[in-house]
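Trainee:
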Amino acid sequence: QASFAEELYVQGMQYNWRQGKSQANAALARALFERAAAMEHHKSIRALSEMLFVGAGGSKDQEHALWLKWAACLRGDS
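In this note's numbering, the protein residues as written are 66 to 143.
1. Just list the alpha helix (DSSP H) runs in the stretch 83 to 135, keeping only unbroken ones of 4 residues or longer that don't cross its boundaries, in chain order.
2. Measuring CA to CA, which of E72, A121, L113 and L139 is closest to A130?
3. Return the chain-ordered list of same chain residues with a C-beta closer than 6 Å to the C-beta of M116, the five sequence neighbours on each side being excluded.
4. Between which two residues does the alpha helix (DSSP H) holding Q79 run?
5. Given this structure, state the Cα-to-Cα distance separating W135 from Y80, to the nearest angstrom.
6. Between R140 and M78, what straight-line distance do the alpha-carbon atoms span, to the nearest angstrom?
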């Protein structure tokens with residue numbers, strides 16, 4: 066499960082959502098990060114929190130984003 070979550074994370078990062086060029090790419094990245102975050106993959110949790118904070122790939126939810134950022138820290142994400 067851990068390797069599959071890492072694979073989802075790597076795929077999500079390939080969409081380069083931070084460039085802001087494509088909302089469709091951001092939505093695909095967000096969906097991949099959500100799947101990996103559900104498996105408690107801390108890098109995906111962090112990436113998802115960043116997307117939620119700015120509203121990339123979907124709706125903005127800053128409160129949930131901060132909660133996720135804290136959860137990622139508790140799982141070892143620096």
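Glycine is no exception: its CB is placed at the ideal position from the N, C-alpha and C atoms.
Mentor: Here's the rundown:
1. 88 to 103 and 107 to 119
2. As a working mapping, residue 130 is identified with position 65 in the sequence shown. Per the Cα distances, L113.
3. For this step, residue 116 is matched to residue 51 along the sequence shown. Only R95 and G122 meet the Cβ criterion.
4. Taking the sequence shown and counting its residues from 1, one reaches residue 79 at position 14. Per DSSP, Q79 belongs to the alpha helix (DSSP H) from A67 to Q79.
5. Position 70 of the sequence shown, counted from the first residue, corresponds to residue 135. Position 15 of the sequence shown, counted from the first residue, corresponds to residue 80. Distance between the alpha carbons of W135 and Y80 is about 24 Å.
6. Residue 140 sits at position 75 when you count from the first residue of the sequence shown. Residue 78 sits at position 13 when you count from the first residue of the sequence shown. Distance between the alpha carbons of R140 and M78 is about 20 Å.
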